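Sequential numbering from 3 applies to the sequence shown in this note's numbering.
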Amino acid sequence: MTRSNERVTSSARQPTVSVERTDFVSVPVQDMERAKRFYAETLGIHSPSLDAAWPEFETGNVSLYLVDPTKMGAEFKPNSSHIALRVPDVAEARHRLEEAGVEFEGDTLDTGVCHMAFFSDPEGNALMLHRRYAPNE
3 MTRSNERVTS SARQPTVSVE RTDFVSVPVQ DMERAKRFYA ETLGIHSPSL DAAWPEFETG
63 NVSLYLVDPT KMGAEFKPNS SHIALRVPDV AEARHRLEEA GVEFEGDTLD TGVCHMAFFS
123 DPEGNALMLH RRYAPNE
């Protein structure tokens with residue numbers, strides 16, 4: 003066994019760090035004011051820092067942090083991995099968002115475990131309405 007293999011084996015048994023939780027997920031935006039209106043008014047997510055340059059929206063277990071990557075010298079590229087937003091009733095939430103002008107991608111899915119409806123924010127970030135109805139096993 004080489005020295006590098008020893009390190010891999012050793013780190014596989016003992017974690018290098020202890021991650022406690024996810025504090026926030028970055029959501030890249032180009033038009034900050036439009037994005038703030040969408041998350042605050044259309045989705046109704048609370049932001050204790052709505053007037054901040056880069057506000058956070060609290061969803062209960064993790065915050066969505068709106069950030070303009072071009073202000074840090076990076077290219078804007080919307081998230082393509084869906085952020086699952088838990089709602090009490092996917093069908094009702096979808097209906098209300100459609101009435102507000104939000105366009106969805108395809109039909110609402112019933113996986114046998116949960117309901118999911120896919121859409122994007124005005125910046126093109128992938129979002130999903132989600133509700134698990136089957137118990138965790």
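C-beta: ideal position from N, C-alpha, C; glycine also. Computed from a prediction, not measured in an experiment: that's the story for all the values here.
If we ignore side chains and look at the alpha-carbon of each, how far apart do Ser-49 and His-117 end up?
If you take the alpha carbons of Ser-49 and His-117, they lie about 26 Å apart.
Cutting at 7 Å between CB atoms, please list the residues of its own chain near Pro-80, excluding the five before and the five after it.
Excluding sequence neighbours, Pro-80 sits near Pro-30, Glu-125, Gly-126, Asn-127.
Could you round the C-beta distance between Tyr-67 and Phe-26 to whole angstroms and report it? I think they count as a contact, below 8 Å.
Contact flag correct, Cβ pair sits at about 4 Å.
So, are the CB atoms of Val-148 and Leu-129 less than 8 Å apart?
Because residue 148 is not part of the residues shown, which for the chain are 3 to 139, the question remains open.
Hey, Phe-120 and His-84: beta-carbon distance below 8 Å or not?
Cβ distance < 8 Å, so Phe-120 and His-84 count as in contact.
Looking at the strands, I want to know which residues DSSP matches up with Asp-112.
According to DSSP, Asp-112 bridges with His-117.
Thinking Thr-44 and Val-104 are a contact (beta carbons under 8 Å), I'd like their distance in whole angstroms, please.
Sure, about 7 Å apart at Cβ, within 8 Å.
Is the Cβ-Cβ distance between Thr-61 and Leu-99 less than 8 Å?
No. Outside cutoff.
What number of angstroms, rounded off, separates the C-alpha of Asp-112 from the C-alpha of Asn-138?
Cα to Cα, Asp-112 sits roughly 16 Å from Asn-138.
Going by the DSSP bridge assignment, what does Val-27 pair with across the sheet?
Paired residues: Leu-66.
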